[in-house]
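Structure, as structure tokens:
There are 6 protein chains.
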Amino acid sequence: MRLHDMNWQAVEAYLQHDDRVVLPIGSTEQHGYLSLGTDAILAERVAIEAAEPLGIPVLPVLPFGLAPYFTAFPGSLTLRTSTFLDVVRDLLDTLAGQGFRRIAIVNGHGGNAPALGLVREWVAEPREHRVQIVFTSWYAAPRVAAAAEGHEPDPTHGSWFENFPWTRLPGVEMPEGRKPTLSREVVAQATPADIRRLTGDGSFGGSYALSDEVMDDIWQTGVAEVRDLLTDGWAFT
Amino acid sequence: MRLHDMNWQAVEAYLQHDDRVVLPIGSTEQHGYLSLGTDAILAERVAIEAAEPLGIPVLPVLPFGLAPYFTAFPGSLTLRTSTFLDVVRDLLDTLAGQGFRRIAIVNGHGGNAPALGLVREWVAEPREHRVQIVFTSWYAAPRVAAAAEGHEPDPTHGSWFENFPWTRLPGVEMPEGRKPTLSREVVAQATPADIRRLTGDGSFGGSYALSDEVMDDIWQTGVAEVRDLLTDGWAFT
Amino acid sequence: MRLHDMNWQAVEAYLQHDDRVVLPIGSTEQHGYLSLGTDAILAERVAIEAAEPLGIPVLPVLPFGLAPYFTAFPGSLTLRTSTFLDVVRDLLDTLAGQGFRRIAIVNGHGGNAPALGLVREWVAEPREHRVQIVFTSWYAAPRVAAAAEGHEPDPTHGSWFENFPWTRLPGVEMPEGRKPTLSREVVAQATPADIRRLTGDGSFGGSYALSDEVMDDIWQTGVAEVRDLLTDGWAFT
Amino acid sequence: MRLHDMNWQAVEAYLQHDDRVVLPIGSTEQHGYLSLGTDAILAERVAIEAAEPLGIPVLPVLPFGLAPYFTAFPGSLTLRTSTFLDVVRDLLDTLAGQGFRRIAIVNGHGGNAPALGLVREWVAEPREHRVQIVFTSWYAAPRVAAAAEGHEPDPTHGSWFENFPWTRLPGVEMPEGRKPTLSREVVAQATPADIRRLTGDGSFGGSYALSDEVMDDIWQTGVAEVRDLLTDGWAFT
Amino acid sequence: MRLHDMNWQAVEAYLQHDDRVVLPIGSTEQHGYLSLGTDAILAERVAIEAAEPLGIPVLPVLPFGLAPYFTAFPGSLTLRTSTFLDVVRDLLDTLAGQGFRRIAIVNGHGGNAPALGLVREWVAEPREHRVQIVFTSWYAAPRVAAAAEGHEPDPTHGSWFENFPWTRLPGVEMPEGRKPTLSREVVAQATPADIRRLTGDGSFGGSYALSDEVMDDIWQTGVAEVRDLLTDGWAFT
Amino acid sequence: MRLHDMNWQAVEAYLQHDDRVVLPIGSTEQHGYLSLGTDAILAERVAIEAAEPLGIPVLPVLPFGLAPYFTAFPGSLTLRTSTFLDVVRDLLDTLAGQGFRRIAIVNGHGGNAPALGLVREWVAEPREHRVQIVFTSWYAAPRVAAAAEGHEPDPTHGSWFENFPWTRLPGVEMPEGRKPTLSREVVAQATPADIRRLTGDGSFGGSYALSDEVMDDIWQTGVAEVRDLLTDGWAFT
């Protein structure tokens, strides 16, 4: 359930019988023809749907992440790495200080990976109580990744793989056909201007859209996989 | 219009004829019986409604702000001041780099005031193009403040003044009567535990709810005041 | 009494029977025709005079603050916000570590307001002993502000309101008449070059000087108001 | 060739005809029965052997990385993430300032992955000349990974996979047999004390040693793979 | 001349014909029986007297420096090294931005030595105009040091060497005789509590006071030495 | 003994009977005709030879230090002061956390002096156990300095004084004669370009090489002096 649909009294009551919480982290950045909020929308939504039947509160998504390479596409925002890691640290500190002991970070953006390093550092710090952190990039978790590969190999940024009813925009038509996939090695060395030039529309390649059935399969797989993690993903008890 | 309801192409087209953008900043923190998201919800909503007829894009609200004094109320989050200022700086830098030249920060939380200092610093830095920043705490702007005082003097944190249909929670009943108002001097020196102890339910005093008509008046005043600022609030042309 | 008029043995003796201390913070920046040190001079002097009969030690004023918007006026200095907040934090930490439990920050410069955010953060941190911080901008405190308004409405930066015998300079003549007041909205969005251009001499408007009787009234009001705060301004006992 | 085997005149001469340089980054941390320097030794050595025939200078390895989870094993060092990223940034800045335009970072430690985020950020910053960065974790690159899997699946930290003549220690005998492999999910959530308790000797599982022929195969594969990257791994020309 | 005895117009006029400025940096810390402000008082005063006949403006002394080892003596303040270096950097940046091209830092405290490292870094940064920085610890400069050694060898912290009419306190009597000198090696490794225990009164040894003639000799030597530096100490023209 | 020649079990065994450790810190920077690694090579080697008979572990040298003024000589690397101090802090923190109680920092580069300030700060922080830090710049310690002066007065950067069999490069011939010594005052104010222009080859003056007997004398003196420090240099027991 959304933390914003609770007041503090409800959270206090919750903490009497559970100690889990979900922090979705996303990004606001170009996704080809899709919403600039794609990563934030998906991370928050998958977290909420996964947590709903478990009654676990879900923080509002952190809508800004690490996307320095997309700044040549207007509307893309980015934080410096140091800022981003500080945000994650501060949120973990506050949550741990209030009695949350199992925190799931549901990530929607590949560029946010350095957060995982921060999590390792944070977990290693001396702490009175054990606080476990599960970090998952929902779209790259084993079951979702397998499902995606089964529909069209090598799903990329801004492709069909992110084209859900809640990330596509009214009145925006998708191009037909499969766009050639951009080499990951090239992307890794590219400046914002390079990526703009090389991708044209921002998508990294593949089909722009698959059927609603396919997307529903991906989505249900993702929700279930995150939910299982929230249930059974804690290493220590 | 929500930036998340646009793709980058739409933003690029927008920048051909306008250079304004809105960044709402809020907080996730106790608001007595109201939603933990009150400040974020109100800042984002007032920004969106104000910007709508003007066609100005509104970033997703920054849902975390400066609320260290509320950490004894579970579900309240806070960033360190340094982190928070870094976030605001990074967003301003990115927006300015993409051609936005008039940025309105619509603030929903009193504790976020140090952002104004950062804005002054940012504006004073050498920059190729002039980038103007309007910073408004919508609930404290002259017309809203006057309207509120007209309904019940000295509106406080967690009181009727923040009790809108979109910040109250289903099934949560408000206490009757007017709570005595907590001294601002005491609050300024209080630790989180003090504030918990002194306020009990988190509200700083006054009525917990006024009529829908009153709230609608406040709201329409706020939307109009922000809209006027987005239209005429820029000092330099 | 000035801390610099004490040795450590005297401070140790003082701490046997009292735990208060005053930290004045100022700025070195243009004040129209007045001393570049105006804000520092006034904050330190009002603190010393207020503390004198109470026997409370007063630290040397922090002569540098946040004045990025004045850098186009030579002789104006500024710290970055992050630096300034770090200085305040370090001083609070040191004082608290030595047994001071009630610290009054007497501020002489409006731009230093983010220090108040830092103070809130600092007070909210876990600490073995309660350490109270009173933060006052002496020139904006209720009684001084009322007194000033009574003499000439809307007193501004670099105007008569800062023109004391100890901030005016020998041989510098003040312009006659009342300068039109600069809009605060414009100032808030102005670059250093704008402020230089818009103000000419740096003053934000109003008379340049009022009578010595007026200034003495302001001053005595300020000293008394700070002294009362040092005496009765502590929220917790 | 080692940069430390050159003087500045030799580097200046080199820059007349080439603009590549290698920065190996490692870690000093427990590796079961192997040298505490394993990651640094391997990263530096593979870089030197790969670069030798190409005449590319190789910086001294950064011997300290991100290993907060190993601090319960004495002799393991770690930097904070922020420190580590600052070091990488400073080295990149200095190299770029001297005319190096193609920088290969050869990483020897999985925990150093956040450096990749910093590299993405650095590459995206405005810069007068294009500076390309290739980042490779040599032990996880496709050909080495495939070779390793061919010898014994799922090679882990502190296992045979890191047991080279130059990382094993004289007089230290390796245990026989295959240690059960520790779950990666558990490791990701483990504190330093957990990892000490769960691993006993620090190895994450598998055989402790394979034959010299196997190790030579791995090594030659790694050297060749890095060399190919130094030769053909640059995306832009 | 004190910058605080000038307004911005005077500084602007000065910059038409000169580009020098003095920044005194001190410390507020125990000095045995002497003023807690000794280092700040001396640095500021020697700077002002040296600069007076040259007409060079002198900033207000930075009264807080690096004195973490003295915190067990109440009334001693300290900044973190990072904070202190940031302050120095910010002041240099502001001064250079206003046209000062020759900046003398007159240091009054041995513990502030890391500022010299910051100065080297600052000078090495790319800059449109050459800005020279002379850094002198006035009490350790060759002529003062020689004069002091001639009066009593090995002058130390808190001894006669810092006992000037303007650092001694009314009514405070100095002990007779020579205190044995504390080993510098021991001091370097000592905690605040150690230094308190080892020194008793805070002085590091030697006589507590010498004659006024001696002190006047030291002082005049210091003033002259700083003045010569302000005149002839600039390496580049 | 090199820490890299140990595994964690060996360090744990060592800590049963001793608590000393050595951290050599160097620099990678121009040294005239000598190796770019001169400072790192010498600091690490003198530490290892000094520690060998005492059985004290020696960390790998930190090969990067503070050399912003040498960046005009290709192959010179530098860290920002803040980064460098953070690295030293992190290493001290990790070592102290593992039971090391006496840490010797053997420094090979004059520019690294701000590390001493950080060490003073670190030692002054509250800590459960006493951790002593001895900081020595081996080449400037009393006995080495005296020995050097006996061979040729005023030994400088990049001169014979750093020309050891392990810092000179094969095939690089040294100039004959004594180069005039560069004024230290000039160096202190020089930009990287100045130093390049003023020194030509990077050496600060004096002979480029003395006899092997001389160098062996210097070296043995240095090794013995560091060894004595590791043995008897601890102020508290």
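Residue numbers (our numbering), protein chains in the order written: chain E, 1 to 237; chain C, 238 to 474; chain V, 475 to 711; chain F, 712 to 948; chain X, 949 to 1185; chain A, 1186 to 1422. For glycine and all other residues, C-beta sits at the position ideal for the given N, C-alpha and C. Being a predicted model, the structure only gives us computed values, none of them experimental.
According to the neighbour-count rule (16 or more other Cβ atoms, all chains shown, within 10 Å of its Cβ), is residue 291 of chain C buried or exposed?
exposed
Taking 7 angstroms as the cut-off, is the beta-carbon of residue 152 of chain E closer than that to any non-hydrogen atom of the ligand PLP?
Annotation note on the ligand PLP: not contained in the displayed structure, which lists no ligands.
Using the C-alpha atoms, what's the distance from residue 936 of chain F back to residue 852 of chain F?
8 angstroms
Would you say residue 1012 of chain X lies against chain A (beta-carbon separation less than 8 angstroms)?
no
Could you tell me whether the stretch 830 to 837 of chain F touches the stretch 188 to 208 of chain E, using the rule of 3 or more Cβ pairs below 8 angstroms?
yes
Taking DSSP as the reference, what is the three-state secondary structure of residue 543 of chain C?
Because residue 543 of chain C is not part of the residues shown, which for chain C are 238 to 474, the question remains open.
Given that residue 542 of chain V touches chain C, what residues does it touch there, using C-beta distances under 7 angstroms?
357, 358, 361
Residue 385 of chain C classed as buried or exposed, judged by whether at least 16 other C-beta atoms fall within 10 angstroms
buried
Quick check on DSSP: helix, strand or coil for residue 134 of chain E?
strand
Please state whether the Cβ-Cβ distance between residue 1263 of chain A and residue 801 of chain F is less than 8 angstroms.
yes
Option nearest residue 4 of chain E by Cα separation, candidates C/269, C/247, C/370, C/430
C/269
Where do the N-terminal and C-terminal ends of the alpha helix (DSSP H) with residue 1274 of chain A fall, by residue?
1266 to 1282
By how many angstroms is the C-alpha of residue 1186 of chain A removed from the C-alpha of residue 1233 of chain A?
6 angstroms
Would you kindly report the start and end of the unbroken alpha helix (DSSP H) that includes residue 1227 of chain A?
1223 to 1236
Spatial distance of residue 1091 of chain X from residue 971 of chain X (CA atoms)
21 angstroms
Taking only runs of the alpha helix (DSSP H) that begin and end inside the stretch 401 to 473 of chain C, which ones reach a length of at least 4 residues, in chain order?
421 to 426, 429 to 436, 449 to 469
What number of angstroms, rounded off, separates the C-alpha of residue 1355 of chain A from the C-alpha of residue 1219 of chain A?
10 angstroms
Would you list the one or two residues that DSSP bridges to residue 853 of chain F?
Residue 853 of chain F pairs with nothing; no bridge assigned.
Would residue 294 of chain C pass as a contact of residue 248 of chain C if the rule is Cβ separation under 8 angstroms?
yes
Given this structure, state the Cα-to-Cα distance separating residue 182 of chain E from residue 473 of chain C, to the nearest angstrom.
44 angstroms
Please look up how many angstroms separate the CB atoms of residue 738 of chain F and residue 775 of chain F, rounded, as I've assumed it's under 8 angstroms.
7 angstroms
Using a Cβ-Cβ distance cut-off of 8 angstroms, determine whether residue 1398 of chain A contacts chain X.
no
Less than 8 angstroms between the C-beta atoms of residue 195 of chain E and residue 108 of chain E, yes or no?
no
Candidates E/136, E/152, E/125, E/14: closest to residue 116 of chain E by CA position:
E/136
Where does the unbroken beta strand (DSSP E) through residue 258 of chain C begin, and where does it stop?
257 to 262
Below-8 angstroms beta-carbon distance, residue 192 of chain E vs any chain F residue:
yes
Any C-beta of chain C sitting closer than 8 angstroms to the C-beta of residue 110 of chain E?
no
Going along the stretch 562 to 577 of chain V in order, which residues come within less than 7 angstroms of chain X, judged by CB to CB distance?
564, 565, 568, 571, 572, 573
8 angstroms contact criterion, which residue 1014 of chain X and residue 1060 of chain X should meet: CB distance rounded:
6 angstroms
Buried versus exposed, by CB contacts within 10 Å (16 or more), residue 987 of chain X
buried
What residues in the stretch 1019 to 1035 of chain X have a beta carbon less than 7 angstroms from any beta carbon of chain V?
1019, 1021, 1022, 1023, 1024, 1025, 1026, 1027, 1028, 1031, 1034, 1035
According to DSSP, residue 1010 of chain X sits in a beta bridge with which residue or residues?
X/973
Residue 487 of chain V versus residue 573 of chain V - alpha carbon distance:
12 angstroms
By the 10 Å Cβ neighbour count, where 16 or more other Cβ atoms means buried, how is residue 835 of chain F classified, buried or exposed?
buried
Using DSSP's beta-bridge definition, name the partner residues of residue 1216 of chain A.
A/1219
Is there a C-beta anywhere in chain F that falls below 8 angstroms from the one on residue 117 of chain E?
yes
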